[in-house]
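Some notes on the structure that comes next.
Numbering (this note's numbering), first residue to last: 6 to 150.
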């Protein structure tokens with residue numbers, strides 16, 4: 006697990022772009038991330054997420070793949086079509102999230118429900134440059150105690 010020092014460095018260097026169409030969920034998750042010291046942009050559409058990702062600075066995309074309007078999927082597909090590499094973490098309540106993520110090229114994902122600490126660790130892991138070319142990281146809430 007990460008130390009407080011590495012989490013603080015991550016928080017200072019990256020802005021999390023959180024996209025999902027369930028406003029209550031994304032707002033609550035955004036508040037939790039902010040309370041942990043992260044800078045977060047909470048958006049509800051793919052176009053808003055892409056605009057935020059186009060801004061200067063280092064970003065990590067956190068998207069809900071189970072969103073009914075498919076905003077997370079649309080954002081990821083557009084980024085891939087642009088050949089833009091953005092560290093991405095997907096969250097979903099879908100039972101086959103690993104398959105969906107493999108198709109979309111997302112290496113890091115969490116099955117809902119998950120522990121907040123798992124999410125923080127995975128965001129930090131996804132942002133590491135050395136991880137960009139590594140094998141898929143799968144963190145399943147089913148393994149949580």
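Virtual Cβ for every residue (Gly too), placed ideally from N, Cα, C. Just so we're clear, the structure is a prediction, and the values are computed from it rather than from any experiment.
**OP:** Rounded to whole angstroms, what's the CA-CA distance from residue 56 to residue 29? Just pull it up for me.
**Re:** Distance between the alpha carbons of residue 56 and residue 29 is about 21 Å.
Original post:
Opposite residue 69 in the DSSP bridges: which residues?
Top reply: Assignment of beta-bridge partners to residue 69 by DSSP yields 96.
Subject >> Inter-residue spacing [alpha-carbon to alpha-carbon] between residue 96 and residue 79 >> reply: Distance between the alpha carbons of residue 96 and residue 79 is about 14 Å.
Original post:
Whose CA, out of 27, 26, 35, 24, lies closest to the CA of residue 125?
Top reply: The option with the nearest alpha carbon to residue 125 is 35.
Original post:
What is the C-beta distance between residue 105 and residue 66, in whole angstroms, given that I count them as a contact (C-beta under 8 Å)?
Top reply: Incorrect: roughly 15 Å between the Cβ atoms, too far for contact.
Subject >> Helix, strand or coil at residue 46 according to DSSP, with G and I counted as helix >> reply: DSSP places residue 46 within a strand segment (E or B) once states are collapsed to three.
Subject >> Pairwise C-alpha distance: residue 100 and residue 58 >> reply: Their Cα atoms are separated by approximately 28 Å.
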